[in-house]
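The structure under discussion appears below in the form of structure tokens.
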Amino acid sequence: MITRINHIAIVVADLDEAIRSYEEGIGLTVRKRLTMPEQAVEIAFLPAGESMIELIQPITPDSGVAKYLAKRGEGLHHICLEVEDVEHTLETLAARDLQLINQAPIRAAEGRGIFLHPSAAHGVLIEFLEPYAEEA
Numbered sequence: 030m031i032t033r034i035n036h037i038a039i040v041v042a043d044l045d046e047a048i049r050s051y052e053e054g055i056g057l058t059v060r061k062r063l064t065m066p067e068q069a070v071e072i073a074f075l076p077a078g079e080s081m082i083e084l085i086q087p088i089t090p091d092s093g094v095a096k097y098l099a100k101r102g103e104g105l106h107h108i109c110l111e112v113e114d115v116e117h118t119l120e121t122l123a124a125r126d127l128q129l130i131n132q133a134p135i136r137a138a139e140g141r142g143i144f145l146h147p148s149a150a151h152g153v154l155i156e157f158l159e160p161y162a163e164e165a
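In the working numbering, the protein residues as written are 30 to 165.
Here's what the structure looks like:
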């Protein structure tokens, strides 16, 4: 079951510049910044109400995000929908014959996720994310 929009991801060429724009211009504040070498990206999360803005900068020229940036320029990359059970979501989408980018959940910055191919969602890349359990 989808519980909320977790984040909206935006690809940027310069993460520091984008953070300045979102903090100084819009008034958001970075909550978390990290590098994910396995995805060849550096990311920053900025809370915006109940959801977040995720800024993504590629760190290698041959990564998928770098190719996306080169082809399409800066802008919207994907919408992330939070789910209670990512495996169940994967099974449901597969049973509906919807094209998935990954056939098993992958490690994401905030949990485990799967991606629905843009061709199955009218041109929009959609991530389904099961957040990591909160530590007590």
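Ideal Cβ positions, reconstructed from N, Cα and C, are used throughout, including at glycine.
- The DSSP-derived three-state label of Val41 is coil.
- Only buried fits Glu111, as 16 or more other CB atoms lie within 10 angstroms of its CB.
- Ala138 sits in coil when the DSSP states are folded into three classes, being neither helix nor strand.
- For Leu44, same chain residues with a beta-carbon under 7 Å away, outside a window of 5 residues either side, are Glu71, Ala73, Leu84, Gln86 in chain order.
- Relative to the Cα of Leu145, the nearest Cα in the group Ala162, Leu127, Pro160, Tyr161 belongs to Leu127.
- Taking C-beta atoms as the reference points, Ala77 and Leu57 count as a pair closer than 8 Å.
- For Leu98, the enclosing alpha helix (DSSP H) stretches over residues 93 to 101.
- Each of Ile31, Pro90, Glu67, Cys109 was checked against the Cα of Ile82, and the nearest Cα belongs to Cys109.
- Selection Leu105, Ser80, Ala123, Ala138 evaluated against Asn35 yields Ser80 as nearest (Cα-Cα).
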